[in-house]
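Colleague:
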Amino acid sequence: MTTRASVVRVLMILTSVAVLTVFLLLPLAVVFSEAFKQGLHAFTRVFHQAEARSAIWLTLLVAVIAVPVNMVFGVTAAWLMARFEFRGKALLGAFIDLPFSVSPVISGMAFVLLFGAQGWFGPWLIERNLGVIFAVPGLVLATVFITLPFIARELIPLMQAQGSEEEEAARVLGAGSWQMFFRVTLPNIRWALLYGVLLCNARAMGEFGAVSVVSGHIRNLTTTMPLEVEMRYNEYDYVGAFAVASLLALLAVLTLAFKALMEWRYRHELAAGGIHR
Amino acid sequence: MARLFALLAFLLLLGSCSAHGPSSQLLNVSYDPTRELFRDIDAAFARDWREKTGKAMTVGMSHGGSGKQARSVAEGLPADVVTLALAYDVDMLADRGLVSKDWQKRFPYNASPYTSTIVFVVRKGNPKQIHDWPDLIRPGVSVITPNPRTSGGARWNFLAAWGYARRLPGGSDESARDYMAQLFRHVPVLDTGARGATNTFAQRGIGDVLIAWESEALLARKSIGDDKIQIVIPSVSILAEPPVAVVDANVDIHGTRKAAEAYLAFLYSPEGQEIGASHFYRPRLPEVAARHKGEFPDVNTFTIADIAGNWKAAQKKFFADGGLFDQVGPGRGDKP
Amino acid sequence: MKRRVLPGFGLSLGYVMAWLGLIVLLPLAALVFKSSALAPSGWWALLSSPRTLAALRLSFGGAMLAAAVNVLAGLLVAWVLVRHRFPGRRLFDALVDLPFALPTAVAGIALTAIYAPEGWLGRYLVPMGIKVAYAPLGVVVAMVFVGFPFVVRTLQPVLESMEREVEEAAASLGATRWQVFFRVVLPLLLPTLLTGFGLALARAVGEYGSVIFIAGNIPRLSEITPLLIVEKLEEFNYAGAAALGVAMLVLSLLLLLLVSLVQRASRRWELPR
Numbered sequence: 354m355t356t357r358a359s360v361v362r363v364l365m366i367l368t369s370v371a372v373l374t375v376f377l378l379l380p381l382a383v384v385f386s387e388a389f390k391q392g393l394h395a396f397t398r399v400f401h402q403a404e405a406r407s408a409i410w411l412t413l414l415v416a417v418i419a420v421p422v423n424m425v426f427g428v429t430a431a432w433l434m435a436r437f438e439f440r441g442k443a444l445l446g447a448f449i450d451l452p453f454s455v456s457p458v459i460s461g462m463a464f465v466l467l468f469g470a471q472g473w474f475g476p477w478l479i480e481r482n483l484g485v486i487f488a489v490p491g492l493v494l495a496t497v498f499i500t501l502p503f504i505a506r507e508l509i510p511l512m513q514a515q516g517s518e519e520e521e522a523a524r525v526l527g528a529g530s531w532q533m534f535f536r537v538t539l540p541n542i543r544w545a546l547l548y549g550v551l552l553c554n555a556r557a558m559g560e561f562g563a564v565s566v567v568s569g570h571i572r573n574l575t576t577t578m579p580l581e582v583e584m585r586y587n588e589y590d591y592v593g594a595f596a597v598a599s600l601l602a603l604l605a606v607l608t609l610a611f612k613a614l615m616e617w618r619y620r621h622e623l624a625a626g627g628i629h630r
Numbered sequence: 013m014a015r016l017f018a019l020l021a022f023l024l025l026l027g028s029c030s031a032h033g034p035s036s037q038l039l040n041v042s043y044d045p046t047r048e049l050f051r052d053i054d055a056a057f058a059r060d061w062r063e064k065t066g067k068a069m070t071v072g073m074s075h076g077g078s079g080k081q082a083r084s085v086a087e088g089l090p091a092d093v094v095t096l097a098l099a100y101d102v103d104m105l106a107d108r109g110l111v112s113k114d115w116q117k118r119f120p121y122n123a124s125p126y127t128s129t130i131v132f133v134v135r136k137g138n139p140k141q142i143h144d145w146p147d148l149i150r151p152g153v154s155v156i157t158p159n160p161r162t163s164g165g166a167r168w169n170f171l172a173a174w175g176y177a178r179r180l181p182g183g184s185d186e187s188a189r190d191y192m193a194q195l196f197r198h199v200p201v202l203d204t205g206a207r208g209a210t211n212t213f214a215q216r217g218i219g220d221v222l223i224a225w226e227s228e229a230l231l232a233r234k235s236i237g238d239d240k241i242q243i244v245i246p247s248v249s250i251l252a253e254p255p256v257a258v259v260d261a262n263v264d265i266h267g268t269r270k271a272a273e274a275y276l277a278f279l280y281s282p283e284g285q286e287i288g289a290s291h292f293y294r295p296r297l298p299e300v301a302a303r304h305k306g307e308f309p310d311v312n313t314f315t316i317a318d319i320a321g322n323w324k325a326a327q328k329k330f331f332a333d334g335g336l337f338d339q340v341g342p343g344r345g346d347k348p
Numbered sequence: 032m033k034r035r036v037l038p039g040f041g042l043s044l045g046y047v048m049a050w051l052g053l054i055v056l057l058p059l060a061a062l063v064f065k066s067s068a069l070a071p072s073g074w075w076a077l078l079s080s081p082r083t084l085a086a087l088r089l090s091f092g093g094a095m096l097a098a099a100v101n102v103l104a105g106l107l108v109a110w111v112l113v114r115h116r117f118p119g120r121r122l123f124d125a126l127v128d129l130p131f132a133l134p135t136a137v138a139g140i141a142l143t144a145i146y147a148p149e150g151w152l153g154r155y156l157v158p159m160g161i162k163v164a165y166a167p168l169g170v171v172v173a174m175v176f177v178g179f180p181f182v183v184r185t186l187q188p189v190l191e192s193m194e195r196e197v198e199e200a201a202a203s204l205g206a207t208r209w210q211v212f213f214r215v216v217l218p219l220l221l222p223t224l225l226t227g228f229g230l231a232l233a234r235a236v237g238e239y240g241s242v243i244f245i246a247g248n249i250p251r252l253s254e255i256t257p258l259l260i261v262e263k264l265e266e267f268n269y270a271g272a273a274a275l276g277v278a279m280l281v282l283s284l285l286l287l288l289l290v291s292l293v294q295r296a297s298r299r300w301e302l303p304r
């Protein structure tokens, strides 16, 4: 019995490692092997170029704005969806998930239809010399749209499972709204929140389709890292393209390493609380 | 952190002002394969401008598919000049009042400062012995060309092939149509852009022959190595004339008309033409062309006017929804 | 309705609705409005053309297949990551999010490099007659890639919080390993699996960047619907592009609705907590 169980166990581990290797590790290996094809020097040289640096800064800037905006939205939406019953709740939930089902090609186009020169608000904006499309605000808007559901998605099931007893108790004991939120709610959801923020951040930095439509591809000005990757690939600068891409992949791995570190650092608290992620 | 916030403030400022960039700056909205060319042109022009006016001038660049770039300008991308792959895209801007209707008369040679033509790229040693258009439809030959409906460059490819077949002795629309149908049966992959097609051919090893602009073919040979690919010039091909135009509506707002016109005129100067030639575009100026005779072999070319009248007619007949490409293109059910 | 003990209902409802309206509904309203420029006959001609139908079939069929693969692979991977300890587990756990972070174009290029006839895997697969790159199968592979994290990440927290006592109890009552899995574990996981399926499906249907590199893009064979939209845009046919976008959106919402209906039905088997 035990031998059979361990055989099944080993088989399962091997199969899933194989799946992960073929579907995820192999593409990652391609990215890094192409990036380092001409050695470390060619790789690091890429990051001394002004274009690459401005793309990195712009990507960070967009993420720095979009992620907190979605964090506030995600927490509020989760509070609403997990703590209250109201008519139209299912519909609202569907709307929160909607950005997942919109093709990036379409979402970029929708913003152009709103803010482009022939769009609903385009003429008004042009009169006032305000650039939304083909400027940083457009990039931020498209990114916020694409990553809108991530944090809410992460929080809602957890908060539903946790129930509201602790918060109600805090209220009964006389805690103010914000006191309750910062002392009870936030500590209870912080792992899921952290995790949602990391995912949201990864997706915000990697988004290509929608951003490509609203960016205008102006070099040094509205070119984010994914767009820079495409440009370099199209210039036959394969090392440059994959070097920038590998940096994005590295960012993802680093944020995940950060998550692992936090989990390890607070492992006792996690075990005691029984709260996962 | 302070640096990040400074950058944030700076970019927001730029973002909000981008609609009326300072007049010491031009934005050239161009198509994909011209990055290397304009990197050199922009530097040379900035120097030339400083010598002539004593002022600094920087040129910002935006690159993408020709049609997408034209669309972006129509939607408000604040371009001072456009340098695109086909006149149809500039005509669209003229239809929307962004470019003056007579843009093709504003600059010499149909407002096209350099030309190219459509050639074949084959693998080293030309193992399939591909020399001319009929060889492309021999059994066992696989042809790489991008989708003409998503790539402006590929429309020139399509028209070159059509023009060859249509202009054969005894050729008709019917016979040319047959040729195109046979040709696309040999196409296993339709990339969305010209560079994608080159990468499919060169990096992925798909196909025996790539149909490409001469400038692209020469650049690919330089980047990828002439130990891997070589270029074949067909007996007859099309004269590809990538157009340039000042975006009148924008330069009047930006106050950059003089600079924008000087920038495009610079493309026609001996220096600009030399730079063009060094990036594998055929120069228009006879004296520059004479210097580069060896690099650009004589090709028997026809123009779009010879085979379709103008771009609007060509677009409608060949590339519109339900047009000839839709009728004869790949995926008609018969396997290659 | 009973008086609410918890604060912030009005504020959060107002904020969420206003923000959703601004960021999600307004752009989509512009899209729907644009598509209304197309006459009913135009809609019919667009949606009944064999090319559109073939592209819709590939986009939705491929996405469903990819989501199904993701459910199977995701269940296995999530199970192993949560229940078993093995060297490199943390690394593999981190890898799961890679498809979110890697720009889709890079994913497309990397996958094509792997599956092209001369690629790392392609050189073994193609002689066996398995053509992945430049074939419809490539579309599915790219879709599996972009949707992969959804199933694993929705399953993981549920698996972690699932009480092993239930399984142990079932086992102690004499159930075999497979009985425990199919009678106890799977019904518990089914709603979550369906959520993951729906998310992976929604993500895969609209995917453009990675698919166009690997698909081959041959009309009626390996051409996805977002590519048709791009073609329409290239002709400056905004109404046609918006109409295709709206059609895709309606279809995916219907599919997601179906998934949530199945989910609701499946909850009946769920054990009371």
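Protein chains in written order, with the working numbering: chain A, 354 to 630; chain B, 13 to 348; chain C, 32 to 304. Even glycine gets a Cβ: it sits at the ideal position worked out from N, Cα and C.
Is any beta-carbon of chain C found at less than 9 Å from that of A:Thr368?
Modeller: Closer than 9 Å: yes.
Colleague: Taking just the CA atoms, how far does A:Ala431 sit from C:Lys33?
Modeller: Residue placement at C:Lys33 cannot be trusted, given a pLDDT of 45 that sits under 50; the coordinates are not used to answer.
Colleague: Tell me, please, whether the CB atom of B:Asn312 is closer than 9 Å to any CB atom in chain C?
Modeller: For B:Asn312, the answer is no, since every Cβ of chain C falls outside 9 Å of its Cβ.
Colleague: Taking 9 Å as the threshold (beta carbon to beta carbon), is A:Gly627 in contact with chain B?
Modeller: Note that A:Gly627 scores 45 on pLDDT, short of 50, meaning its location in the model is unreliable and no value can be drawn from it.
Colleague: Could you please give me the residues that DSSP links to B:Ile250 through a beta bridge?
Modeller: Paired residue(s): B:Phe314.
Colleague: Out of B:Val300, B:Pro139, B:Ser74 and B:Val85, state which residue places its alpha-carbon closest to the alpha-carbon of B:Gly349.
Modeller: Nothing can be reported for residue 349 of chain B, as the shown portion of chain B is limited to 13 through 348.
Colleague: Using 9 Å as the limit for Cβ to Cβ distance, is B:Asn262 near chain C?
Modeller: Not an interface residue.
Colleague: Would C:Thr256 pass as an interface residue toward chain B - the criterion being a Cβ-Cβ separation below 9 Å?
Modeller: With 9 Å as the cut-off, C:Thr256 does not count as an interface residue toward chain B.
Colleague: Check each residue of the segment 44-57 of chain B: if its Cβ is closer than 9 Å to any Cβ of chain A, include it; give the result in chain order.
Modeller: So the list reads Asp44, Pro45, Arg47 and Glu48, given in the order they occur along the chain.
Colleague: Please decide whether B:Gly72 counts as near chain A, where near means a Cβ-Cβ distance under 9 Å.
Modeller: Yes, B:Gly72 counts as interfacial toward chain A.
Colleague: Return the chain-ordered list of same chain residues with a C-beta closer than 7 Å to the C-beta of B:Thr239, the five sequence neighbours on each side being excluded.
Modeller: The question names Thr, but residue 239 of chain B in the sequence shown is Asp. So the qualifying residues of the chain are Lys136.
Colleague: What's the call for A:His570, buried or exposed, on a 16-neighbour Cβ count within 10 Å?
Modeller: Counting Cβ neighbours within 10 Å, A:His570 comes out buried, since at least 16 surround it.
Colleague: List, in chain order, every chain C residue whose beta-carbon is nearer than 7 Å to that of A:Gly549.
Modeller: Those do not exist, as A:Gly549 stays about 10 Å from chain C at its closest Cβ, beyond 7 Å.
Colleague: Check this for me: beta carbons of B:Gly165 and B:Tyr43, under 9 Å apart or not?
Modeller: Their beta carbons are under 9 Å apart, which means B:Gly165 touches B:Tyr43 by this criterion.
Colleague: From what residue to what residue does the alpha helix (DSSP H) around B:Arg167 run?
Modeller: Its alpha helix (DSSP H) spans residues Gly164 to Arg178.
Colleague: Which residue from A:Leu600, A:Ala463 and A:Val592 puts its Cα closest to that of A:Val566?
Modeller: Nearest option by C-alpha distance: A:Ala463.
Colleague: May I ask you to list, following chain order, the residues of the segment 144-174 of chain B that have a beta carbon less than 9 Å from some beta carbon of chain A?
Modeller: Listed by position along the chain: nothing, the set is empty.
Colleague: Is there a Cβ from chain C that is less than 9 Å from the Cβ of A:Trp477?
Modeller: With 9 Å as the cut-off, A:Trp477 does not count as an interface residue toward chain C.
Colleague: Should A:Gln402 be flagged as near chain B, meaning a C-beta pair shorter than 9 Å?
Modeller: Not an interface residue.
Colleague: Pick out whichever of C:Ala273, C:Gln187, C:Phe123 and C:Ala164 has its Cα sitting closest to the Cα of A:Leu467.
Modeller: Taking only the C-alpha atoms, the option nearest A:Leu467 is C:Ala273.
Colleague: Of the residues that make up the segment 87-107 of chain C, which ones have a beta carbon closer than 9 Å to any beta carbon in chain B?
Modeller: So nothing in the stretch comes that close.
Colleague: Cutting at 8 Å between CB atoms, please list the residues of its own chain near B:Gly58, excluding the five before and the five after it.
Modeller: According to the sequence displayed, residue 58 of chain B carries Ala and not Gly. These residues qualify, in order along the chain: Ala68, Met69, Thr70 and Val71.
Colleague: Whole angstroms are fine: how far does the CA of B:Leu279 sit from the CA of B:His142?
Modeller: Sequence check: residue 142 of chain B is Ile here, not His. Rounded to whole angstroms, B:Ile142 to B:Leu279 spans 35 Å at the Cα level.
Colleague: If you compare alpha carbons, which of A:Leu609, A:Tyr586 and A:Leu433 is closest to A:Val384?
Modeller: When each option's Cα is compared against that of A:Val384, the closest is A:Tyr586.
Colleague: Name, please, each residue of chain A whose Cβ falls closer than 7 Å to the Cβ of B:Arg233.
Modeller: Under the 7 Å cutoff, chain A gives no residues; its nearest Cβ is about 11 Å from B:Arg233.
Colleague: For B:Val41, decide whether its Cβ has a neighbour in chain C, counting only Cβ atoms nearer than 9 Å.
Modeller: Not closer than 9 Å to any Cβ of chain C, the Cβ of B:Val41 fails to qualify, so no.
Colleague: In three-state terms, what does DSSP make of B:Ala350?
Modeller: The structure shown does not extend to residue 350 of chain B, since chain B is modelled only from 13 through 348, so no value can be given for it.
Colleague: Mind checking which residues open and close the alpha helix (DSSP H) that includes B:Leu98?
Modeller: Premise fails: B:Leu98 is in no alpha helix (DSSP H) and is neither H nor E.
Colleague: Any C-beta of chain B within less than 7 Å: which residues of the segment 474-499 of chain A qualify?
Modeller: Correct list: Gly475, Ile479, Asn482, Leu483, Gly484, Ile486, Phe487, Ala488, Val489 and Pro490.
Colleague: Between C:Ile249 and chain D, is the shortest Cβ-Cβ distance under 9 Å, so that the two count as touching?
Modeller: This model lacks chain D altogether; the protein chains it does include are A, B and C.
Colleague: Using the rule of at least 16 other Cβ atoms within 10 Å of the residue's Cβ for burial, across every protein chain shown, is B:Arg161 buried or exposed?
Modeller: The residue in question, B:Arg161, is buried, as its Cβ has 16 or more Cβ neighbours within 10 Å.
Colleague: Evaluate A:Asn631 with the Cβ neighbour count: other Cβ atoms within 10 Å of its Cβ, from every protein chain shown; 16 or more gives buried, anything less gives exposed.
Modeller: Outside the shown range of chain A, which is 354 to 630, sits residue 631 of chain A, and nothing can be said about it.
Colleague: I need the straight-line Cα distance from B:Arg108 to B:Ala86, nearest angstrom please.
Modeller: Between B:Arg108 and B:Ala86, the C-alpha separation is close to 7 Å.
Colleague: With 9 Å set as the bound, which would you pick, yes or no: does the beta-carbon of A:His570 sit closer than that to a beta-carbon of chain B?
Modeller: By this cut-off, A:His570 is an interface position.
Colleague: Which first and last residues belong to the alpha helix (DSSP H) in which C:Thr223 is found?
Modeller: Leu217 to Val236 is the extent of the alpha helix (DSSP H) around C:Thr223.
Colleague: Using 10 angstroms around the beta-carbon of C:Lys65, count the other beta-carbons present and answer buried if the total reaches 16, otherwise exposed.
Modeller: That one is buried.
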